[in-house]
Amino acid sequence: MERNTKFVDMLEDRRRDCDFLWATRPMDPALPHMLPPDSVYDRERIMQAVLQDKQVKAAIDTIAKTTGVGVKDVENNARAMINEMASKADLATVRWIGIFITKAMKRMFSQIYINEIMLSNLKKETQISQAQYIYVPSHRSYLDFILLSYILFSYDMALPNIAAGMDFYNMKIVGELLRKTGAFYIRRSFSNDLLYKQIFRSYVNTIVSHSDRAIEFFIEGTRSRSQKSTIPKYGLLSIIIESLLQGDVPDIYFVPMSINYERPPEELLFVYEMLGVPKPKESTARLFRSLSILQKPFSHGRIFFNIGEPISANQFVDKAYRQKKILQPSFKIPSSVVENIAYLIIESHKKNTVLMPINIIALLFNEKIQTKPKEPYTLDLLIQDYQWFKSFVIKSLKALMYGTETTDNDMIKQEILESLKPHDELIVLDSSNTLKIKQRHKRMKQLNYSNIKGYPLSEQTLQIAVPAINIAIYSNPTLAFLTEIVFITATIGENGIETEVALERYELLRRLFSTEFAMRPIEDKALIKIEWEKSLNVLISQNCLHTVNDLIFIGNNTKLFSILHNIILPFIDVMYVTCILLSEWTERTSVELTDRTILVETQKEVERLIFETKDRCQHPYCLSLDLYNIAWSSLLSQGIIAYQKYTNTYRTDKVKLTYLIGALLELPLRHPTEIYVDAFPSIISTSSMDVQAKL
Ligand SMILES: CCCCCCCCCCCCCCCC(=O)SCCNC(=O)CCNC(=O)[C@H](O)C(C)(C)COP(=O)(O)OP(=O)(O)OC[C@H]1O[C@@H](n2cnc3c(N)ncnc32)[C@H](O)[C@@H]1OP(=O)(O)O
Ligand SMILES: O=C(CO)COP(=O)(O)O
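Counting from 301, one number per residue, gives the positions in the sequence shown under the numbering used here.
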């Protein structure tokens, strides 16, 4: 890995330490926000400041007036809200939890790599800077926040104020313990609650300006079940940026952190959630039950924790805005500023994604199943493909990738076998060294069908979909680097295409799928063209495409073209099927069109297509509710569906819909000739002779 040299395994030292002595070592954690002593507020003072805040007081008065409730009662309500919200910092609690966490980390993971230089630089900078620091990690697992706190504690840095959803607040004992490790609690949605909104705003402003600890929040707002970036949430970010306008802090630095798991602990739960099984409610009892994960050592492989360059908010919030705020206190920072910073953070997460061997293996295996399922995918074939594809992503796409760059077959073999070890419940090598999938789905006895979010899928479907989606999720992190080029492969057919048409098709796909792939929305066609040309050149340099005058043709590298093309198919197929269902809605069903009913109907239709056709929606990944939700929100944002507030229904714009269906039909898609469900029996492991990947 080119930029890998600076990664160190932080567990190496921990394995030499006595956990108790390490966690209770004398320490004076470095505080990241240098403030004059009287500007540093403790919890009590922060809560007081919030209750004294002008806008909070105004909200209390307004509510008292409009509801007829006494001011005292509303104030008590406000006090209860801030008490529920505010974090506590208690080093003793952190130490005790630290003993357990370090034992768990050493058991679960073989290595936790961190780009130590970035962390040391951050530590140094924070000690001389009066700016406030905001840690903004990617969100792929519940472990993310534990890991970041563990890293900071290991490097003698203070734990931040962490924005936590109420799911954790409701956990017995644990909820309060987390508060003592820095969690502050926020309700998930509160735009209609004026008082809560003002208290939240004021609390965040106060900790930005008066907490000597940093702030941590997950800009994606939720764990990405599909393990690719999701679009940013703007609420907390915009309040933090607004704090800068008040001038209490000279600058705010956002520190993006890309967290990459070889095997996220929620792996299988995410697959079921994507299929519609609701997530289990967070509870202390469940937390204890989940400790069974510690039974097998190193069961979750490696983690790469990659800290990106801090982003200064000051460069976007210029003096003019600050002056405007002084003259006009209700002035709000333009939403384009917030969006810009949000996407800079998401783009940093993507750029700093560290790909693991399993991501490439999953992608190659997925391709093989769709194109040549009868040809055994032997370890020797995989080694060749792996080396080739790895070199492509590193050299052409500048992706970061675990492992050494080598052409030595033995070393590559070791790299592959080592990385398959944590996945021995999913991918195995059979006795003839051929790659096979293991059946991951176990018949669910207690499944409550009334809770299912989508259509109740059959056992037969789940048997295929669970392992198939599990594999597909592992290939998803590659999309941090591949999205633009996979779009292009869906725009060019056998007989070539005019440049202009290819670009138009690219624009369409970008518009339809910018939410799916967390891409910055771009209106300016010239900018889209620059992005397109860059990706086009990558494909041309790989001989995937070639140009003649004003035409683009598929080149000789059909292997790469096919891999890239097949990645995008499930996304386009689901969009198409959703559109068809919308256009035939009233003929097909008598139920009202809502965001829920379209979800159920689409999943039902996809289940049928998977078994019955050789065309659209062959890949079981098409059963993922994520895809339907995003397709729906994309159609809403384009005005193809519109919400009717007064009737609480949705209306379809038939003209726009027909146009979109036409445009999707024009895409020169080539669906694999092999049917996934037919191929499945030949790739599923039935033998008891499977060998675990051995070094
Ligand atoms: C040694 C080791 C020890 C280890 C020890 C372990 C420690 C361990 C600690 C535990 C710690 C637990 C950690 C849990 C971690 C989670 O729980 S993650 C989940 C919770 N966190 C988050 O969700 C953070 C990100 N979310 C947000 O920012 C959301 O916006 C909010 C604030 C939750 C609100 O969500 P929402 O109500 O759905 O609203 P949303 O549409 O996002 O936007 C709302 C506002 O944004 C504004 N907005 C929208 N678009 C824009 C725009 N472009 N520009 C500006 N503003 C905009 C809107 O105008 C709106 O404001 P109003 O008009 O209402 O004033
Ligand atoms: O985001 C969370 C905090 O980690 C929990 O909510 P999700 O289940 O939506 O990820």
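Where a beta carbon is used, it is the ideal one built from N, C-alpha and C, also for glycine.
Predicted model only: the values in this text are computed from it and were never measured.
Who are the Cβ neighbours of residue 875 in its own chain at under 7 Å, not counting the five residues just before and after it? Numbered from its first residue, the sequence shown carries residue 875 at position 575. Here the set comprises 812, 931, 964.
query = Is the region 793-808 in contact with the region 845-852, if contact means three or more CB pairs nearer than 8 Å?
reply = yes
Residue 405 versus residue 451 - alpha carbon distance:
Position 105 of the sequence shown holds residue 405. Position 151 of the sequence shown holds residue 451. Rounded to the nearest angstrom, the two C-alpha atoms are 11 Å apart.
- In terms of residue numbering, what span does the beta strand (DSSP E) encompassing residue 851 cover? Within the sequence shown, residue 851 is the residue found at index 551, counting from 1. Unbroken beta strand (DSSP E) run through residue 851: 851-854.
On a Cα-Cα basis, can you pick out the residue from 771, 702, 967 that is closest to residue 804?
Here residue 804 refers to the residue found at position 504 when the sequence shown is read from its first residue. It is 967 whose Cα lies nearest to the Cα of residue 804.
Practice item. Indicate whether the contact test is met: 3 or more Cβ pairs, each with one atom in the region 877-894 and one in the region 812-823, closer than 8 Å. Key: no
- request: Tell whether a beta-carbon distance below 9 Å holds between residue 961 and residue 928.
  value: Indexing the sequence shown from 1 puts residue 961 at position 661. Indexing the sequence shown from 1 puts residue 928 at position 628. Not in contact: residue 961 and residue 928 (Cβ atoms no closer than 9 Å).
Can you check the region 389-421 for any beta strand (DSSP E) of at least 3 residues that lies completely inside it and give the ranges in chain order?
411-415
Flag this pair as yes or no: are the beta carbons of residue 657 and residue 703 separated by less than 9 Å?
Reading the sequence shown from its first residue, position 357 is the one you call residue 657. Reading the sequence shown from its first residue, position 403 is the one you call residue 703. Their beta carbons are under 9 Å apart, which means residue 657 touches residue 703 by this criterion.
### Query
From residue 407 to residue 567, what distance separates their C-alpha atoms?
For the purposes of this step, residue 407 is taken as the residue at position 107 of the sequence shown. For the purposes of this step, residue 567 is taken as the residue at position 267 of the sequence shown. Rounded to the nearest angstrom, the two C-alpha atoms are 18 Å apart.
For residue 483: DSSP bridge partner residues: The sequence position of residue 483 within the sequence shown is 183, counting from 1. Beta-bridge pairing links residue 483 to 462.
Relative to the C-alpha of residue 543, which candidate in 528, 632, 583, 598 has its C-alpha closest? Taking the sequence shown and counting its residues from 1, the one referred to as residue 543 is at position 243. For the residues 528, 632, 583, 598, the minimum Cα distance to residue 543 belongs to 632.
>> ligand 1 and residue 500: does the residue's C-beta get closer than 8 Å to at least one heavy atom of that ligand?
In response: Here residue 500 corresponds to residue number 200 of the sequence shown, with the count starting at 1. Yes, since a heavy atom of ligand 1 falls inside the 8 Å radius drawn around the Cβ of residue 500.
Practice item. Kindly list the residues whose CB is nearer than 6 Å to the CB of residue 349, restricted to its own chain and excluding five residues on each side of it in sequence; keep chain order. Key: Along the sequence shown, one-based indexing puts residue 349 at 49. Around residue 349: 506.
* Neighbourhood of residue 887 by C-beta, 8 Å cutoff - its chain only, sequence neighbours within 5 removed -> Taking the first residue of the sequence shown as position 1, residue 887 is located at position 587. Taken in chain order, the list of residues that qualify is empty.
Note to self: Based on DSSP bridge pairs, tell me the residues matched to residue 309.
What the structure shows: The sequence position of residue 309 within the sequence shown is 9, counting from 1. Residue 309 pairs with 413.
- Count the C-beta pairs between the region 592-606 and the region 761-772 that are closer than 8 Å, then say yes if the count reaches three, no if not. no
**Message:** Does the beta-carbon of residue 491, which I'm using as the reference point, lie nearer than 8 Å to any heavy atom of ligand 1?
**Reply:** Taking the first residue of the sequence shown as position 1, residue 491 is located at position 191. The beta carbon of residue 491 sits closer than 8 Å to at least one heavy atom of ligand 1.
Checklist line | Beta carbon of residue 526 nearer than 9 Å to that of residue 333 | finding: By 1-based counting over the sequence shown, the position of residue 526 is 226. By 1-based counting over the sequence shown, the position of residue 333 is 33. Their beta carbons are not under 9 Å apart, which means residue 526 does not touch residue 333 by this criterion.
Three CB pairs or more closer than 8 Å across the region 607-624 and the region 634-652: Yes, they touch.
Taking the beta strand (DSSP E) that residue 951 belongs to, which residues open and close that run? Translated into positions along the sequence shown, residue 951 becomes position 651. That run of the beta strand (DSSP E) goes 949-952.
Residue 740 beta carbon less than 9 Å from that of residue 571 = For the purposes of this step, residue 571 is identified with residue 271 of the sequence shown, where counting begins at 1. For the purposes of this step, residue 740 is identified with residue 440 of the sequence shown, where counting begins at 1. Yes; because the gap between Cβ atoms is below 9 Å, this pair is in contact.
(Q) If I follow the unbroken beta strand (DSSP E) through residue 558, where does it start and stop? (A) Position 258 of the sequence shown, counting from 1, holds the residue named residue 558. Taken as a continuous stretch (DSSP letters only), the beta strand (DSSP E) holding residue 558 covers 552-561.
Quiz prompt | Every unbroken beta strand (DSSP E) inside the region 579-631 [3 residues or more] | solution = Taken in chain order, the complete beta strand (DSSP E) segments of 3 residues or longer contained in the region 579-631 are 602-607.
Are the CB atoms of residue 495 and residue 340 within a distance shorter than 9 Å? Translated into positions along the sequence shown, residue 340 becomes position 40. Translated into positions along the sequence shown, residue 495 becomes position 195. Going by beta carbons, residue 340 and residue 495 fall outside the 9 Å limit.
| request: Quick one: residues in its chain with C-beta nearer than 6 Å to the C-beta of residue 941, no 5 flanking neighbours on either side, listed in chain order? | output: Residue 941 sits at position 641 when you count from the first residue of the sequence shown. So the qualifying residues of the chain are 935, 950, 952.
Note to self: Quick check on DSSP: helix, strand or coil for residue 985?
What the structure shows: Residue numbering aside, residue 985 sits at position 685 when the sequence shown is read from its first letter. Coil, per DSSP.
Q: Put residue 761 into one of helix, strand or coil per three-state DSSP.
A: Against the sequence shown, residue 761 aligns to sequence position 461. Helix at residue 761.
Considering only the alpha carbon of each residue, which of 828, 925, 816 lies closest to residue 757?
The sequence position of residue 757 within the sequence shown is 457, counting from 1. Nearest C-alpha to residue 757: 925.
Check whether the Cβ of residue 928 lies closer than 8 Å to any heavy atom of ligand 1, and answer yes or no.
As a working mapping, residue 928 is identified with position 628 in the sequence shown. No, since every heavy atom of ligand 1 falls outside the 8 Å radius drawn around the Cβ of residue 928.
Query - Opening and closing residue of the beta strand (DSSP E) in which residue 942 lies - result: The residue labelled residue 942 in the question sits at position 642 within the sequence shown. Residue 942 -> beta strand (DSSP E) spans 941-944.
Worksheet item: Relative to ligand 1, is the shortest distance from any of its heavy atoms to the C-beta of residue 916 smaller than 8 Å?
Response: Locating residue 916 in the sequence shown gives position 616, where the first residue counts as 1. No, Cβ of residue 916 sits at least 8 Å from all heavy atoms of ligand 1.
Practice item. Report yes if the C-beta distance between residue 906 and residue 782 is below 9 Å; otherwise report no. Key: Sequence index remark: in the sequence shown, residue 906 carries index 606 (1-based). Sequence index remark: in the sequence shown, residue 782 carries index 482 (1-based). Residue 782 is positioned such that its CB atom lies no closer than 9 Å to that of residue 906.
**Candidates 779, 723, 933, of which the one nearest residue 700 by Cα** = Mapped onto the sequence shown, residue 700 falls at position 400. The shortest Cα separation from residue 700 among 779, 723, 933 belongs to 779.
- Task: Using three-state DSSP, classify residue 316 as helix, strand or coil.
- Result: Mapped onto the sequence shown, residue 316 falls at position 16. Three-state result, residue 316: helix.
Should residue 469 be listed as close to ligand 2, given that the test is whether its C-beta is under 8 Å from any heavy atom? Taking the sequence shown and counting its residues from 1, the one referred to as residue 469 is at position 169. No, since every heavy atom of ligand 2 falls outside the 8 Å radius drawn around the Cβ of residue 469.
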